[in-house]
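What follows is a short report on a single structure.
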Ligand SMILES: Nc1ncnc2c1ncn2[C@@H]1O[C@H](COP(=O)(O)OP(=O)(O)OP(=O)(O)O)[C@@H](O)[C@H]1O
Ligand SMILES: [Mg+2]
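Protein chains in written order, with this note's numbering: chain A, -3 to 408; chain B, 2 to 240.
Right under this line is the structure:
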């Protein structure tokens, strides 16, 4: 095959009638643009979910009151028997537990010298930061002694910090939480939003203080339960099977509460990372489906290209005859028209990608949803466009290649 | 001349066109030899089968029956690709309507057969330039067909036919669209090429054009009616 002459002839045909080429590409342009937008939405959702999982931690279990139904959903959040600090100690003693913290949470009305801010407060032990894999950006976290001694200190999340001290300079300031004066000793790094699709609660809108201080002075806790905690977070040792750990925590709690076999649990051991992954699988199926729908428009575009290529072969019958008369083989003609179709589609793909990219930017701006344009998406979109050219260009190209030289030359 | 091997050899060629249930016998038993280095004019009334024969010799068409050899090779034994290569390497074709690619300039048109060549042709650009200079268009290389006169376009077409240094130049009414002055120029060019050793076969209606050829073959109703190389033919027919 003579590739040089085939390519240059194809390129020449493409640019000799730009408007027609553009119109022919239209279907491909739209197809590639929509494939790209759909895939970007899917990738964006996937990236958001990965971020959530890493924010939650893959080896963290949460023990909370209530019962689990078959679908794994929470049935009536706060029902079931509450936990206390002896439960936390029992869990922490399990051999596979790296560390555990009880958490007591409640509403907090925080007042700084600059502003008022309604947020929530979580009381925890010093392990809170390790279990949640949550680092302190500025200042420091509270120590075990401070936690035990019930020191009047808090570490604040980014959102709470920004709203309480719009002017910055936070560490060392005093604020009042539900009228109780406390000292701000640190600011937590940002964790972002918790729920799916970037729409969940803002995890940075919180205050974290020593458990006993929060219970005794700020939220009060459940007065019928001594040393009450609302939930227990458990960090499972690296390398230990998290599902296995989940099972063992459950068995131990049933033992502690003397729940008879056959009776339902009155607590749940939740693996949030697992739940997010399940939701992610559903989201992925959805975006695959959407990308597939977009691909259908690529096929329609391909049919359009085939149609115009057939017209083009007919129009250029004499030219084909001439090329054959001076020695072009059928294969040379085939290649020329195939290249033309592929170039047409690939160029349409590039334009479609540019438009799709604008669409992605626009959509991300409007919806605030994260969208990702990865090299894989670019390669897929371009590859799909080129394949459409190859597949739908083949029939017209073969028709050109099989023309009879003398009939083609005489055609008018 | 008879001592040399014929470069074109036709034996009992027929070419029948079928249109519905109608049959047109364009060629009806043509036998003829053309030797290397000859300059042959093919004449005859319209519809007598001249172009039909030329298309067979040019390996553009296949006969209904009969056999032909170009340069010693039987065309019936060659496949499509081999025929394409034969057209590219051994034959040069010049058409009445020039058949240049309108969007390409003279230089690009002449380069085209070189770019389809499968054997090594050396420096394509240099060769194309040399061919255009040979036909006197060295200063018009970047002109498109539209920007050239008819005679100049036919010169480009001849340069294109010569690009691969063919052994045979076939021309079907090359001066049919040209005035008499340009006709003389083109025929002189053909004569020059023939003197350089290229076998030339020209179809023409005009006696003046035919006079440039050393040998004239007359066609009538798909048959050879007269051939100056074989004066006995006419007598044999009693004409
Ligand atoms: N493709 C074709 N289909 C049907 N009939 C054809 C075809 N080509 C030629 N013919 C017929 O074959 C006969 C010979 O045609 P040809 O073109 O060889 O004549 P010609 O001698 O070249 O004539 P002219 O001097 O007019 O060019 C004519 O009767 C013509 O109508
Ligand atoms: Mg003719």
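Yeah, the Cβ is synthetic: ideal placement off N, Cα and C, and Gly gets one too.
Continuous beta strand (DSSP E) stretch holding residue i: start and end
i                      : result
residue 170 of chain B : 169 to 173
residue 204 of chain B : 200 to 204
residue 413 of chain A : Any answer about residue 413 of chain A is impossible in this case: the structure gives chain A only from -3 up to 408.
residue 148 of chain B : No beta strand (DSSP E) contains residue 148 of chain B, which DSSP labels as neither H nor E.
residue 105 of chain A : 93 to 107
residue 171 of chain A : 170 to 173
residue 268 of chain A : Here residue 268 of chain A belongs to no beta strand (DSSP E); instead the alpha helix (DSSP H) covers 268 to 311.
residue 60 of chain A  : 56 to 61
residue 151 of chain A : 149 to 152
Same chain, Cβ closer than 6 Å to residue i, five either side skipped, listed in chain order
i                      : result
residue 395 of chain A : 309
residue 192 of chain A : Confidence at residue 192 of chain A is low in this model, with a pLDDT of 42, below 50, so its placement is unreliable and no value can be given for it.
residue 221 of chain A : 78 and 80
residue 218 of chain A : 78 and 224
residue 25 of chain B  : 18
residue 57 of chain B  : 64
residue 50 of chain A  : none
Chain-order list of residues whose beta-carbon lies under 7 Å from that of residue i (same chain, five-residue window excluded)
i                      : result
residue 77 of chain B  : 68
residue 342 of chain A : 378, 381, 382 and 385
residue 319 of chain A : 329
residue 72 of chain A  : Any answer about residue 72 of chain A is weak, because its pLDDT of 45 lies below 50 and its placement is not dependable; what the coordinates show is given next. Closer than 7 Å at the Cβ level, and outside the excluded window around residue 72 of chain A, lie 62.
residue 177 of chain A : 148 and 170
residue 298 of chain A : 384, 387 and 388
Rounded separation between residue i and residue j - CA only
i                      : j                      : result
residue 59 of chain B  : residue 20 of chain A  : 38 Å
residue 0 of chain A   : residue 183 of chain B : 36 Å
residue 56 of chain A  : residue 246 of chain A : 14 Å
residue 84 of chain B  : residue 40 of chain A  : 58 Å
residue 87 of chain B  : residue 107 of chain B : 24 Å
residue 211 of chain A : residue 76 of chain A  : 20 Å
residue 287 of chain A : residue 361 of chain A : 21 Å
residue 129 of chain B : residue 407 of chain A : 28 Å
residue 371 of chain A : residue 254 of chain A : 56 Å
residue 324 of chain A : residue 391 of chain A : 19 Å
residue 16 of chain B  : residue 49 of chain B  : 12 Å
residue 224 of chain B : residue 232 of chain B : 15 Å
residue 98 of chain A  : residue 256 of chain A : 26 Å
residue 42 of chain A  : residue 15 of chain A  : 39 Å
residue 347 of chain A : residue 102 of chain B : 30 Å
residue 90 of chain A  : residue 230 of chain A : 10 Å
residue 234 of chain B : residue 29 of chain B  : 16 Å
residue 120 of chain A : residue 137 of chain A : 11 Å
residue 204 of chain A : residue 264 of chain A : 24 Å
residue 47 of chain B  : residue 181 of chain B : 20 Å
residue 67 of chain A  : residue 127 of chain A : For residue 67 of chain A, the predicted model reports a pLDDT of 46, less than 50, meaning its position is unreliable and no value from the coordinates is stated.
residue 194 of chain A : residue 22 of chain A  : Because residue 194 of chain A carries a pLDDT of 45, less than 50, the predicted location of this residue cannot be relied on, and the following value inherits that uncertainty. In a straight line, the C-alpha of residue 194 of chain A is about 34 Å away from that of residue 22 of chain A.
residue 137 of chain B : residue 373 of chain A : 56 Å
residue 185 of chain A : residue 237 of chain A : 28 Å
residue 206 of chain B : residue 24 of chain A  : 53 Å
residue 33 of chain A  : residue 144 of chain B : 47 Å
residue 133 of chain B : residue 150 of chain B : 15 Å
residue 200 of chain B : residue 29 of chain A  : 59 Å
residue 157 of chain B : residue 344 of chain A : 37 Å
Boundaries of the alpha helix (DSSP H) in which residue i is found, first to last residue
i                      : result
residue 37 of chain B  : Note, residue 37 of chain B: premise wrong, no alpha helix (DSSP H); not H, not E.
residue 224 of chain B : Here residue 224 of chain B belongs to no alpha helix (DSSP H); instead the beta strand (DSSP E) covers 224 to 228.
residue 333 of chain A : 326 to 363
residue 51 of chain B  : 51 to 58
DSSP beta-bridge partners of residue i
i                      : result
residue 80 of chain A  : A:224
residue 120 of chain A : A:206
residue 9 of chain B   : B:35 and B:71
residue 219 of chain B : B:44 and B:227
residue 135 of chain A : A:182
residue 94 of chain B  : B:171
residue 189 of chain B : DSSP, once it has assigned bridges, lists no residue as partnering residue 189 of chain B.
residue 232 of chain A : A:93
residue 66 of chain B  : B:15
residue 114 of chain A : A:105
residue 83 of chain B  : Residue 83 of chain B pairs with nothing; no bridge assigned.
Close beta carbons around residue i, own chain, < 8 Å, minus the five adjacent residues each side
i                      : result
residue 55 of chain B  : 43, 171, 173, 202 and 204
residue 89 of chain B  : 114, 117, 118, 119 and 165
residue 417 of chain A : For chain A, the structure presents residues -3 to 408; residue 417 of chain A sits outside this window and is missing.
residue 291 of chain A : 27, 31 and 380
residue 317 of chain A : 399, 401, 402, 403, 404, 405, 406 and 407
residue 152 of chain A : 160, 166, 180, 182, 183, 184, 202, 203 and 204
Taking any heavy atom of ligand 1 as the mark, which residues have a C-beta closer than 5 Å to it, listed down the chain?
Per the Cβ criterion, the list is B:18, B:25, B:27, B:47, B:48, B:49, B:50, B:51, B:52 and B:53.
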